[in-house]
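S.K.:
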Amino acid sequence: MSQKLVVIGASTGGVEALETVFSQFPADIPPVLVVQHMPIGFTDILAKRFNLQFKFNVKEAREGDEIKAGQILIAPAGKHMQISKKNGRDLVETFVGPKVQYSMPSVDVLFESVAKHIKDKAVGVILTGMGADGADGLLAMKNAGAATIGQDEKTCAIYGMPKVAMDMGAVMYQLPLNKIADKILTLAKGASK
Amino acid sequence: MKTDGFAVEILNSLPGMAYRRLNNPPNYTFTFVSEGCFDLFGYAPEELMGDTGINLMTLIHPEDAHHMRKLYGDTLEKGIPLETSYRAVTRNGETKRVWVRSRVIDTDDAGVPLTVEGFCIDVTKFMRLETQRLANRSKTDFLSKLSMEIRTPMNIIMGMADIALQDDAGGKMHKHAQTIKTAGNKLISVLDDISDYAKLESGQLEIKQDVYSFSKFLREIVTATTEKAAMANLEFLVNVDSNIPEILVGDREHLYQILANILDNAVKFTDAGFISLTMEGVIEGQTLNLDISVADTGRGIKDGDLSRVLWDFSQFDEKVVAGIGLGLPNADKLAKLMGGEIKASSVYGVGSIFNVTLPQQIFSHGSICNIGNPHIKTAIVFENRDDYRETLINILEDFNVPYEVTDCEGRFCDALLGDEFAFAFVASMIFDEIKVSSPYVLSQRRVQLVLIQGRGEKACNYEALQVLPAPVFCLPVADILNGVYFAAESDIAIGKRANVVKFTAPNAHVLAVDDISANLAVIEGLLAPYRINLDLVESGAAAIDAVKIKQYDMILMDCVMPVMDGTETTLAIRALENAATNCEEVPIVALTARIDGNKQTVLRTGIFDDLIPKPIDTNKLNEVMEKWIPAELQMEAEAKKAPQSPGGSPLTPFIKIEGVDVAKGIKLAGGGNFDTYIRVLEKFCENGRRLLEEIPDAVQREDFSLCAVYMHALRSISASIGANLLSQTARVLETASEQGQAEFIKAKTPKFLEDLEAVIMEAEYAATRNRMAGNNEEATLKARMSDMDDTKKKILLIDDTETFLFLLNDILKEDYETFISKDGEDGLETAQFAMPDLILLDIVMPGMNGFDVMEALKADDRTKHIPVVLVSGKDTDEDKAKGYDAGAVGYIQKPFKPDEVKSEVEKAFAL
């Protein structure tokens, strides 16, 4: 993998935030995984809509999907999404389990699997949202050597999840929404060395 | 006054007040009141009885007092019981509506009332409800009337627009007329919504139980929505469970309406992105639970508004959107009436999902898609658009069709030239590139090429190309795999297909009756292209006069006319005695704008033969004309005949070409489709003739590199039509040419060219015959029959899968005269015509299945004696038993061996 893996977690206000970030991405993006809290059925709509809207591929993640550059996978509502290594390849796993942080998919589940398998070759991002999902996972990622970003209070619809992560010391860069895309791209390039 | 204790107890337990009083104005002294008086007026009985100053009159509302006093005087004093309601005022000043009934029980000698008994009760609540009900009813009545009032002038407007469209094709007026029609159609759909709403509100709507074809239903709704989505610049995705049973029982029309409303709504509120339709069916015994979802990337609905969507007229967005918001409330009410429900969920800013669950009854368990021999219909898929590719792959998997996905042009081109695949699905954009980069591969391909045409992509004209237009879903894919041909031309657009008049009838006489002359003008205009003799009259009486003196072939009768309406007029015409004309049997077609006069109701009365709803739809009018104008009066229209519907010629005459394996050719060149194969065959003849002239020349000049090119071309086109020997020889000569073996080439070429010419001649003959058969099937069939050897027994083979047809034909043609049919309906016709001695019948076929065909055969006196042997891949005992029950004399299991077939046939003849 020449570019780092980008993982993004978001909840309330996240759709607009994701749209802003994606609209600043070029066509040749690094691999991106997204957990956006949403009712069942809507993550598919969201993915298809983004797919029509942007030059890169966006799709709802399925069990066994390969993680590759130029593609954004959105965790399906009603299932957790995590990364696993099979035969040296990074694959997506989706499964139904207990809710984590009152959510399924949970940002923590994804981030913690990334901390475990990808370690420092990843960028973690927490965007606007209510609650505390993702903070523990982001801290785990940071401790594993990954770069981490949190959205700032001013541009958040709800400064909940990013605040908990910030307070915990999991956020390395706290940024306004319109600066996040650039930072992601810069940080993701690091892996080629 | 003494009252029986038991009676008092009962009176006291009644709601309301029973009383007895003296008629002693102005005191009106109560001598008895029941305990209900407390609840009614707020007084205890003892506070009212005796001269307490409070009596019935003082309890009346001042505004009603005068009126009531008069009533009491008028009725009671004349000895008539009084029954009325009025406003009373209670102790605490509350106004109540009270119903009273009273009568005089005792008079003096002069007849003046002495004592009055009565009963009062509080009816305030009932009155309020009743008032509301009346108001509601007048509202729905008003809506019904309103929509009818608008409908009549709309009829005229739409009719005139149609006339303009027929008159001035292509001119500037044409565009204006088209605009009028489009706007008018929109208005009519609003009217439909209003009248549905009125019907639903008043509970007049009836849920029907019709037998219908689900695939037809599906095609209709997908076609309509595809157009609307395309106009709104939206992607439309369809995902339908191919296992849904084909023949269902339910209210098709209203199911359509529910879905159309929801889909229209999705299109209307989505600015960009897509809408999707997903259908799944869960079978429980004889019930199919349909689970239908419509998702969109529209604005979504805010949480608080969601519950209102389904029952309110309001539209929630500030942005003005066309329509009046009746669609969804109507859909919701309809779904409930049909035993289902609609749920809506939405994420504001992302989109909405509407979910409809509805039960339908299963008529028969065959599913909407049947693929014959999926294992030989191998497919390669080259499509870079995720949505299309994944949908197609899911469908192929569902069908058990082996497939390969590629994103490599080289691999794809190899596949086109090889034998590995029968079908190649390719994105139209990629196809355009291949057309430029590898035209040779396309011209030499041996695989049926299918173009996946996305929304807004131009239709591409390329030989023998099939098109799979978006949205990709199971039905069109099944059609392609089953060899139903889709033209690449895009002239099947609705606008062009409409207004096609199929015949003229200069000798037909038609009478039109309508009291509004503008309507008559519309009818006259619409019928003008038929060149019929049209008489117009403006009243029922005039119509009766007309039919007395003239014989008509059809009468168009307006239903609503003053003096004598359409029904009365029709009955009068039927009852005309001693008429020299055909009054009793002339077809009379009702024209009706009545929204409640639905087709069934009007036709059920049996008075009319058919019905055309107003505003008159030209397609419907054409249909009626075709049905009722006697066939012998219908003449071919001068304009070119409308292109034949997809599906190719229903009867596939078997062709034989010496030196050519036709069955193999059909698979290779035709992708399993006979018509395609014939086109390839014609191409082969054309190219072959040219090469016949050029090859000797090249050999003469010893230009062997040119020879090699010619031989190479001949090698592949011969192989693709199934001319194996020719292809092999061409290959040898190709190699020899490459190596420059002059002697060998000069020696072998003349014989080769002779063989080539023989094959070309055979092929030309076969193709021409097939074309004639397409134009005049019956004639060919007759010609074939006269060719036949009378001593041989005749066997009719009916199977939707060509491979099996050819196999069976090969096995049996030596010993019997064979006829073949590709589907049940055609089989039935052939059976009636050819009178075979035995029928071999496939069970699983699209449309009419084997059992349906058997039933039809047995129902017809001409064919009921013909023994039937069933042929099927189904080996359940149940099916066998069902077959024998239906009267089959034998059963052949697929796949079969030649000997099995022969012995089963012999057995059948021995019976």
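Chains as they are written, first to last, in the numbering used here: chain A, 1 to 193; chain B, 1001 to 1911.
Cβ coordinates follow ideal geometry from the N, Cα and C atoms, glycine included.
1) Label residue 1742 of chain B either buried or exposed according to how many other C-beta atoms from any shown protein chain fall within 10 Å of its C-beta, with 16 as the threshold for buried.
2) Rounded to whole angstroms, what's the CA-CA distance from residue 1925 of chain B to residue 1465 of chain B? Just pull it up for me.
3) On the criterion of 16 or more Cβ atoms from any shown chain inside 10 Å, does residue 1002 of chain B qualify as buried, or is it exposed?
4) Give me the Cα-Cα distance between residue 13 of chain A and residue 39 of chain A, rounded to the nearest whole angstrom.
5) Consider the Cβ of residue 45 of chain A: report whether some Cβ of chain B lies at a distance smaller than 7 Å.
6) Does residue 1912 of chain B come within less than 7 Å of chain A when only Cβ atoms are used?
7) Any idea if residue 1391 of chain B is buried or exposed, counting beta-carbon neighbours within 10 angstroms, 16 or more meaning buried?
8) My guess is that residue 1473 of chain B and residue 1447 of chain B are in contact by the Cβ rule of under 8 Å, so how many angstroms apart are they, rounded?
9) If I measure Cβ to Cβ from residue 1629 of chain B and keep anything under 7 Å in the same chain, skipping five residues before and after, which residues do I get?
10) Is residue 1685 of chain B buried or exposed, if buried means 16 or more other CB atoms sit within 10 Å of its CB?
11) Leaving out five residues before and five after residue 1701 of chain B in sequence, what residues of the same chain have Cβ atoms less than 7 Å from its Cβ?
12) Does any residue of chain A have a CB that is nearer than 7 Å to the CB of residue 1339 of chain B?
13) Which bits of chain B does residue 41 of chain A rub up against, with CB to CB less than 8 Å?
14) Measure from the C-beta of residue 164 of chain A to each C-beta in chain B and report whether the shortest distance is under 7 Å.
15) Buried or exposed for residue 1564 of chain B, going by 16 or more other Cβ atoms inside 10 Å?
16) Give me, in chain order, the residues of the same chain whose beta-carbon lies closer than 8 Å to that of residue 175 of chain A; leave out the 5 immediate sequence neighbours on both sides.
17) Closer than 7 Å, CB to CB, is residue 1499 of chain B near chain A or not?
18) Using alpha carbons as the reference points, say which of A/66, A/131, A/11 and A/19 lies closest to residue 101 of chain A.
19) Using C-beta distances below 6 Å, list every residue in its chain close to residue 1567 of chain B, excluding the 5 sequence neighbours before and after it, in chain order.
20) Would residue 89 of chain A count as contacting chain D if we go by Cβ distances under 7 Å?
21) So is residue 1013 of chain B buried or exposed if we call it buried at 16+ other beta carbons inside 10 Å?
22) Which runs of the alpha helix (DSSP H) fall wholly inside the region 1323-1411 of chain B and span at least 4 residues, in chain order?
23) Are residue 1510 of chain B and residue 1537 of chain B close, meaning C-beta to C-beta below 7 Å?
24) Beta-carbon separation of residue 1412 of chain B and residue 1382 of chain B under 7 Å?
25) Would residue 62 of chain A pass as an interface residue toward chain B - the criterion being a Cβ-Cβ separation below 7 Å?
26) Is the Cβ-Cβ distance between residue 61 of chain A and residue 73 of chain A less than 7 Å?
27) With a threshold of 7 Å between beta-carbons, can residue 15 of chain A be considered close to chain B, or not?
28) Touching or not, the region 1022-1030 of chain B and the region 162-182 of chain A, by the rule of three or more beta carbon pairs under 8 Å?
29) Threshold first: 4 residues or longer. Then list the alpha helix (DSSP H) segments lying entirely within the region 1801-1834 of chain B, N to C.
30) Grab the span of the beta strand (DSSP E) containing residue 1257 of chain B for me, first residue to last.
31) Does any CB atom of chain B fall closer than 7 Å to the CB of residue 52 of chain A?
32) Hey, how far is the Cα of residue 1009 of chain B from the Cα of residue 1119 of chain B?
33) With a threshold of 7 Å between beta carbons, is residue 1606 of chain B in contact with chain A?
34) For residue 1294 of chain B, tell me which candidate among B/1278, B/1268 and B/1545 has the shortest Cα-Cα distance.
35) Pick out whichever of B/1186, B/1194 and B/1221 has its Cα sitting closest to the Cα of residue 1330 of chain B.
36) Grab the span of the alpha helix (DSSP H) containing residue 1849 of chain B for me, first residue to last.
M.R.: Once the coordinates are examined:
1) exposed
2) Outside the displayed span of chain B (1001 to 1911) sits residue 1925 of chain B, for which this structure offers no information.
3) The predicted model places residue 1002 of chain B with a pLDDT of 49, which falls under 50 and marks its position as unreliable, so this point remains unresolved.
4) Computed Cα separation, rounded: 14 Å.
5) yes
6) No answer is possible for residue 1912 of chain B: the residues shown for chain B start at 1001 and end at 1911.
7) buried
8) Contact doesn't hold; Cβ gap of about 23 Å is too wide.
9) Around residue 1629 of chain B: 1505, 1508, 1553 and 1554.
10) buried
11) none
12) no
13) 1293, 1295, 1345 and 1353
14) Not one chain B Cβ lies under 7 Å of residue 164 of chain A.
15) Its Cβ being crowded by 16 or more others within 10 Å, residue 1564 of chain B is buried.
16) Leaving aside the five residues that flank residue 175 of chain A on each side, the residues in its chain whose CB is nearer than 8 Å to its CB run, in chain order, 149, 150, 151, 152 and 183.
17) Low local confidence applies: a pLDDT of 47 at residue 1499 of chain B is under 50, so the model's placement there is unreliable, and no value is given.
18) Residue A/131 is the option with its Cα nearest to residue 101 of chain A.
19) 1607
20) The displayed structure is made up of protein chains A and B, and chain D is not among them.
21) exposed
22) 1327-1337 and 1386-1398
23) no
24) A distance below 7 Å separates the beta carbons of residue 1412 of chain B and residue 1382 of chain B.
25) Answer no: the Cβ-Cβ gap between residue 62 of chain A and chain B never drops below 7 Å.
26) yes
27) yes
28) No contact exists between the region 1022-1030 of chain B and the region 162-182 of chain A.
29) 1802-1812 and 1824-1834
30) Looking at the DSSP string, residue 1257 of chain B is not in any beta strand (DSSP E); the run it does join, the alpha helix (DSSP H), is 1252-1269.
31) yes
32) 15 Å
33) no
34) For the options B/1278, B/1268 and B/1545, the alpha carbon positioned closest to that of residue 1294 of chain B is the one of B/1278.
35) B/1194
36) From DSSP, residue 1849 of chain B is part of no alpha helix (DSSP H); its letter is neither H nor E.
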